[in-house]
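What follows is one structure encoded as structure tokens, with my remarks underneath.
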Amino acid sequence: MTPRILGLVLATALTAGCDTEQPPIGCPVQSLEWAATYKPKGPSICSVKVGEQLGIQKFSTPTGDERLVIKPETLAKLDEQDPERLSYSLGALAKSSDAEGFCSATDFPPTEKHVPGGDGVAPRDLVYQWNNVRVLATPRAPGTQMVADLTYTENGCTAEYEVWGMWPSVSCENEDGEPDNDICQNAGSINPDFSVTCEPTLRLCVPTQRPPSLQ
Numbered sequence: 041m042t043p044r045i046l047g048l049v050l051a052t053a054l055t056a057g058c059d060t061e062q063p064p065i066g067c068p069v070q071s072l073e074w075a076a077t078y079k080p081k082g083p084s085i086c087s088v089k090v091g092e093q094l095g096i097q098k099f100s101t102p103t104g105d106e107r108l109v110i111k112p113e114t115l116a117k118l119d120e121q122d123p124e125r126l127s128y129s130l131g132a133l134a135k136s137s138d139a140e141g142f143c144s145a146t147d148f149p150p151t152e153k154h155v156p157g158g159d160g161v162a163p164r165d166l167v168y169q170w171n172n173v174r175v176l177a178t179p180r181a182p183g184t185q186m187v188a189d190l191t192y193t194e195n196g197c198t199a200e201y202e203v204w205g206m207w208p209s210v211s212c213e214n215e216d217g218e219p220d221n222d223i224c225q226n227a228g229s230i231n232p233d234f235s236v237t238c239e240p241t242l243r244l245c246v247p248t249q250r251p252p253s254l255q
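Encoded structure:
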């Protein structure tokens, strides 16, 4: 090998070694308890739903397809009163992220709970419809933030929200029973790269901005 060719080979190898671009990481999703804040999409006559905890999990089918489960806390609490209807919705999850680093999940059927009233308890008719679910899958946030659209119907009143979610779900209620943003800023279980805030009604740490919510 001539010195000139050898130099070209070495230069190519060194250039490749300095490439800092991260390889794709697929579509990881952290389980189970996420915190989500709901942002209203336009005016509505319905009562505003601030957010809630979500049970989120990924699993693979025997054929190798990926699935994503979303189980809202509101529905889970009604399982005993309406055991025949599922409290979770199951969608198809992509195997790789898009150019923005998000993995899409699609084809979620509506999830419903219908509880008759009685003995001083008001009836509850709830329907969740998830759309445009996207889980962030980057080295800085490997399946730990998400954004989605939610059509939420309660007792016949329908409102639309954009959902900002993060994992893990962390309480930001202090010893005095008050919301405390310092808890979110210093929580060791939250990725220090995340930009988070204490949602005062939920008393949960949530993304400060639309994901990716990073410092």
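The opening position of the sequence shown corresponds to residue 41 in this note's numbering, with each subsequent residue numbered one higher.
In this text, a Cβ means the ideal position worked out from N, Cα and C, and glycines have one as well.
Treat the numbers as computed from the prediction; the structure is a model and nothing was measured.
Please name the residue in the options whose C-alpha comes closest to that of residue i.
i, options, result
"Ser253", "Thr241, Phe234, Leu244", "Phe234"
"Arg180", "Phe142, Gly217, Ile223, Asp216", "Phe142"
"Arg111", "Asp105, Glu140, Phe148", "Checking the displayed sequence, the identity of residue 111 turns out to be Lys instead of Arg. The residue with the shortest Cα to Cα distance from Lys111 is Phe148."
"Lys39", "Lys89, Gln70, Ser71", "Not covered by the structure: residue 39. The range shown for the chain is 41 to 255."
"Asp119", "Ala139, Asp105, Glu140, Val155", "Val155"
"Asp105", "Lys135, Ala227, Ala139", "Lys135"
Let me know if residue i comes out buried or exposed under the rule of 16 or more other beta-carbons within 10 Å of its beta-carbon.
i, result
"Gly196", "exposed"
"Ala162", "exposed"
"Val246", "buried"
"Arg174", "buried"
"Thr103", "exposed"
"Pro123", "exposed"
"Val236", "buried"
"Ala145", "buried"
"Ala188", "buried"
How about residue i and residue j: are their beta carbons less than 8 Å apart?
i, j, result
"Cys212", "Leu244", "yes"
"Lys117", "Arg107", "no"
"Cys67", "Leu115", "no"
"Ala177", "Ser137", "yes"
"Gly183", "Ala75", "no"
"Met186", "Pro251", "yes"
Looking only at its own chain, which residues have a Cβ that is under 6 Å from the Cβ of residue i, when we skip the five neighbours before and after it?
i, result
"Val167", "Pro150, Glu152, Thr193"
"Arg125", "Glu152, Lys153"
"Val109", "Gln97, Tyr128, Leu130"
"Cys86", "Cys197, Ala199"
"Thr77", "Gly91, Trp204, Glu239, Val246"
"Ile223", "Cys212"
"Gln70", "Gly183, Thr184, Trp207"
"Arg44", "Legend: pLDDT at Arg44 = 42, less than 50; position of this residue unreliable, value from coordinates given subsequently. Closer than 6 Å at the Cβ level, and outside the excluded window around Arg44, lies no residue."
"Gly157", "Pro163"
Is the closest heavy atom of the ligand NAP to the C-beta of residue i under 7 Å?
i, result
"Ile110", "The ligand NAP is absent from the structure shown, which contains no ligand whatsoever."
Between residue i and the rest of its own chain, which residues show a CB-CB distance below 7 Å, the 5 nearest in sequence each way excluded?
i, result
"Glu73", "Gln93, Gly95, Pro208, Ser209"
"Pro219", "Cys212, Glu213, Cys238, Pro240, Arg243"
"Lys81", "Glu200, Tyr201, Glu202"
"Thr248", "Ser235, Val236, Thr237"
"Thr101", "Arg107"
Which residues in the same chain as residue i place their Cβ atom closer than 8 Å to its Cβ, once the five residues preceding and following it in sequence are excluded?
i, result
"Leu48", "The predicted model places Leu48 with a pLDDT of 35, which falls under 50 and marks its position as unreliable; any figure quoted below should be read in that light. Closer than 8 Å at Cβ, skipping near neighbours: no residue."
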